[in-house]
Amino acid sequence: MTNTTYTVIFYLFAAVTVFSAAFVVFSRNIIYSAFSLLFTFFGVAALYVFLSADFIAVTQIMVYVGGILVLLLFGVMFTNKIMMTDLKTDVLNILPGIVLLLSITGGLIYTFVARAEWFTSTVQLQGSVVEKIGFETMSRYVLPFEMVSILLLLALIGAAFLARFDKPGKTNDK
């Protein structure tokens, strides 16, 4: 493929990501915001592919789309059924959002224009990044990896303990 094709595809994914993220922010319906968050996550994963960060792209899809977004959608849908409420927001913080948008955009423009030498590199990566990450994780960083897995297991047990219906110490007197 030519550079023009890559540029067109990049701008297509960038536009999908930006417009779906804007829809997440400005939509008053939580269900629509959650579904447009799906397109935002996929757009970000596609941009990671263009950066040759294949491991981060797959992790983006597996963790955010496969885990967090599905959990968010189920939570919103089940909460709506239980509470029988109309899930709409009434507050739009337009002024702080515009100030934040302009400051971040200004910072990015300054970074890309004034500090342009950081992204002109002649070094090309060779081989698979996933293989290197897996080797480093299972050799030099196995202790921190196992500590994080134990911490996540404890957080899961704590969340299950907090979410159960029969709280300890409560009596079910009628």
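Residue numbers (the numbering used here): 44 to 217.
Glycine residues also receive a C-beta, built at the ideal position from the N, C-alpha and C atoms.
Cβ-based burial, residue i [other Cβ within 10 Å; buried from 16]
i, result
"Ser79", "buried"
"Ala202", "exposed"
"Gly150", "exposed"
"Phe117", "exposed"
"Ser76", "buried"
Boundaries of the alpha helix (DSSP H) in which residue i is found, first to last residue
i, result
"Tyr75", "73–93"
"Tyr153", "137–157"
"Ser8", "Summary: the structure shown does not reach residue 8, with the chain confined to residues 44 through 217, and so no result is reported for it."
"Val101", "97–102"
Under the three-state DSSP convention, the category residue i falls into
i, result
"Asn46", "helix"
"Ser70", "coil"
Proximity below 7 angstroms, CB of residue i to CB of residue j
i, j, result
"Phe93", "Ser63", "no"
"Val87", "Thr60", "yes"
"Val119", "Ile73", "yes"
"Leu112", "Phe56", "no"
"Tyr107", "Phe84", "yes"
8 angstroms contact criterion, which residue i and residue j should meet: CB distance rounded
i, j, result
"Val172", "Phe53", "Val172 to Phe53, Cβ: 20 angstroms. No contact."
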